[in-house]
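I have placed the structure first, in the form of structure tokens, so that the comments after it can refer back to it.
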Amino acid sequence: MKIKVTNQSKQIIFTLNESDGAKSLYQQLPLETKVENYSNNEKIFYPSKSLATKNTPLLSSGQEGTLGYFSPWKNVVMYYDRCGSYNGLYVLGEAIKGKENIKNLSGTILIEKVENEDE
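First residue of the sequence shown: 549, per the working numbering; consecutive thereafter.
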């Protein structure tokens, strides 16, 4: 499963893992929502519904391009720098294209399924 996050001319492609959390995000797409800055290494957005966490691996450490889900706040996290583990932080996937664009996302983003494997 792949998803695309678009904002103005910036685009990031993520490959999702096979977890219940990743599948529940994928099922909610397309989604247009606001992206927010958080801390000094991540951008966050809120999906329409909370994600399932059963059979979803906890994030032990992440890097630029890691896609996660923070269940206490019910937000999806896109990291643009390294990160550590936190209670309730799950890994959903990794950026395979455009991870350098995460840091510059702002305003409204569009999250869509990638149907064409060439993207």
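Positions of the beta carbon are idealized from the N, C-alpha and C atoms, including for glycine.
Note that this is a predicted model, so its numbers are computed, not measured.
For the pair GLN576 and LEU599, the Cα-to-Cα distance works out to about 10 Å. The beta-bridge partner set that DSSP reports for GLU584 consists of ILE592. Beta bridge pairing from DSSP links ILE561 with LYS552 and LYS645.
By the neighbour-count criterion, in which a residue is buried when 16 or more other Cβ atoms sit within 10 angstroms of its Cβ, ASN623 is buried. When LEU615, LYS597 and LYS582 are compared, the shortest CA-CA separation from LEU564 is found for LEU615. Annotation for TYR628: no beta strand (DSSP E) segment contains it, and DSSP assigns it neither H nor E. DSSP places LEU573 inside the alpha helix (DSSP H), whose first and last residues are 568-575.
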